[in-house]
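Worksheet: the structure to be examined is printed underneath.
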Amino acid sequence: IRPSSVNPSINIKLIHQTGVHCVLHIARDSPRPDVIVSVLAITNTNTSDAINNFHFQAAVPKNMRIKLQNPSTSDLPVYNPILPPQAITQILIVSN
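Residue numbers (the numbering used here): 1252 to 1347.
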């Protein structure tokens, strides 16, 4: 999966609160013109609370379909400013 060729790339901030950041990155690659492939990235910048058992859910209108691949993990440790933040990643495929 490669980032969108649109410059700047298409990134949609879904959540940005209490240290939790959810960003949806639209991919360049698509198996068909009526399909959008995207990657959800969730990071934790909270220095006091870890995230455990995180589960992302999405819904689309009845005339569309969505498939969520399994996430890379469901837990994120407490943010360590010395290290890059770990991320939960999940692929979403939406068809119309």
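All C-beta atoms, glycine included, are put in the ideal place defined by N, C-alpha and C.
{"Query": "Residue range of the beta strand (DSSP E) that includes Q1341", "Result": "A1338 to S1346"}
{"Query": "Contact check, S1325 vs F1305, beta carbons under 8 angstroms", "Result": "yes"}
{"Query": "Extent of the continuous beta strand (DSSP E) to which A1292 belongs", "Result": "V1286 to N1295"}
{"Query": "Q1341 classed as buried or exposed, judged by whether at least 16 other C-beta atoms fall within 10 angstroms", "Result": "buried"}
{"Query": "DSSP three-state assignment for K1313, whether helix, strand or coil", "Result": "coil"}
{"Query": "Range of the contiguous beta strand (DSSP E) that encloses V1274", "Result": "V1271 to I1277"}
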